[in-house]
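Chemist: Would you mind keeping the following structure in view while I ask a few things?
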Amino acid sequence: MLQTEEKPYRCEVCGKVFSQNSHLTVHIRIHTGEKPYHCEICGKTFSRMTRLTDHRRTHSREKLYNCEICDKSFSCKSYLSDHRRIHKEKIFCCEICEKKFSRNADLMYHKRVHTGEKPFDCEICGKAFLCSTKLLCHKRIHTGEKPYQCEICGKAFSQNCTLTDHKHIHTGEKPYQCEICGKVFSRSTKLSDHRRLHSGRQYQCEICGRAFTCSSHLSIHIRTHTGEKPYQCEICGEAFSKNGNLSRHHLIHSRK
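According to this note's numbering, the sequence shown holds residues -16 to 239 in order.
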């Protein structure tokens, strides 16, 4: 295995480095799909022992992690960490639009919305992003990597924020509330789309002027102009602009 001084254990598949060999061993399971830890009650399998431990609490209904602010309890430590963000005070303010943030790093990232700066480019398709983390998440469209796994149902995701929103399905939590009508949502993207019902604003294509109620629909539409096809079949190499089209394409191979 390739080594560096501070983190000598490097993954030969994606290049990520680790300080301990045991951490690399666990990480490699993302690529191999190995899930050696087995729930004796329902049969569900997991890549990490900690995830199996958290999962077992769904059977016992045990909730060990309590929020010290509102006393809400959770079966998984990661759920508590996600929940705590609701209570964070927002002290960093954008001088342009006055939007507030709990971290200065988030404010710095937000300012690029006003400047239009997108300094991080994908070397595969050329798409540009506001920050390196967005670029890293985008690259997983090309690689198919989904490193974030739900410890309850085992479903995997390419982005941690998508996993966070997914967890609300299991907890029933809806932390995103509309300040106008009070309606609550389990996902921040759903709240953003809902707000446009009050404002009357839509997501408009800068090329042809077509408007959409959801930002995700606009993103898909823009690919008709750019020709971007980020979803590639790992069997034959054919590429698609929509993930749904790739899923339907996979059926062709499964019938052979």
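For glycine and all other residues, C-beta sits at the position ideal for the given N, C-alpha and C.
Keep in mind it's a predicted model, so treat the numbers as computed, not measured.
Give me the residue from Phe112, Ser115, Glu106 and Gln132 with the minimum Cα distance to histidine 125.
Modeler: Glu106
Chemist: If we count Cβ pairs, one from each stretch, closer than 8 angstroms, do we get three or more for the region 160 to 180 versus the region 189 to 201?
Modeler: The region 160 to 180 vs the region 189 to 201: in contact.
Chemist: Go through its chain and collect everything with a Cβ distance to valine 9's Cβ below 8 angstroms, but skip five positions before and after it.
Modeler: Ser30 and Arg31
Chemist: Grab the span of the alpha helix (DSSP H) containing valine 251 for me, first residue to last.
Modeler: In this structure the chain extends from -16 to 239, so residue 251 is not present and cannot be described.
Chemist: Give a yes or no on whether the C-beta atoms belonging to arginine 34 and glutamine 132 are separated by under 8 angstroms.
Modeler: yes
Chemist: Is the distance from the Cβ of serine 85 to the Cβ of lysine 71 below 8 angstroms?
Modeler: The criterion of a C-beta distance shorter than 8 angstroms is satisfied by serine 85 and lysine 71.
Chemist: Tyrosine 214 bridges to which residues according to DSSP?
Modeler: Phe223
Chemist: Please report the straight-line C-alpha distance between serine 115 and aspartate 104, rounded to a whole angstrom.
Modeler: 9 angstroms
Chemist: Taking only the alpha-carbon atoms, compute the straight-line gap between glutamine 160 and valine 167 and give it to the nearest angstrom.
Modeler: 4 angstroms
Chemist: Do you know how far the Cα of threonine 145 is from the Cα of cysteine 191?
Modeler: 30 angstroms
Chemist: Looking only at DSSP bridge pairs, what is lysine 83 linked to?
Modeler: Cys76
Chemist: DSSP state of serine 237, grouped into three classes?
Modeler: helix
Chemist: Please report how far the alpha carbon of phenylalanine 112 lies from the alpha carbon of lysine 101, in whole angstroms.
Modeler: 5 angstroms
Chemist: To the nearest angstrom, report how far apart histidine 153 and isoleucine 74 are at their CA atoms.
Modeler: 31 angstroms
Chemist: Which residues does DSSP pair with serine 56 in a beta bridge?
Modeler: Per DSSP, Asn49.
Chemist: Once DSSP output is grouped into helix, strand and coil, what is the label at threonine -13?
Modeler: Residue placement at threonine -13 is poorly supported in this model, since its pLDDT is 43, which falls under 50; the coordinates are not used for a value here.
Chemist: Could you work out which residue in Ile135, Ser202, Ser237 and His204 is closest to isoleucine 218 when comparing CA atoms only?
Modeler: Ser237
Chemist: Measuring CB to CB, does leucine 7 end up less than 8 angstroms from tyrosine 20?
Modeler: no
Chemist: With a Cβ-Cβ cutoff of 8 angstroms, do lysine 18 and phenylalanine 1 count as a contact?
Modeler: No, Cβ-Cβ distance for lysine 18 and phenylalanine 1 is not below 8 angstroms.
Chemist: Alpha carbon to alpha carbon, what distance is there between lysine 27 and glycine 16?
Modeler: 14 angstroms
Chemist: Is the distance from the Cβ of tyrosine 48 to the Cβ of lysine 150 below 8 angstroms?
Modeler: no
Chemist: So, under 8 angstroms CB-CB, aspartate 148 and arginine 123 are touching, yes? Tell me the CB distance rounded to an integer number of Å.
Modeler: With a Cβ gap of about 17 angstroms, aspartate 148 and arginine 123 do not count as contacting.
Chemist: Taking its Cβ as the centre, do 16 or more other Cβ atoms sit within 10 Å of isoleucine 13, making it buried, or is it exposed?
Modeler: buried
Chemist: With arginine 39 and cysteine 59 assumed to form a contact (beta carbons below 8 angstroms), what rounded beta-carbon distance in angstroms separates them?
Modeler: Separation of the CB atoms of arginine 39 and cysteine 59 is rounded to 11 angstroms, and the pair is thereby denied contact status at 8 angstroms.
Chemist: Taking DSSP as the reference, what is the three-state secondary structure of valine 167?
Modeler: strand
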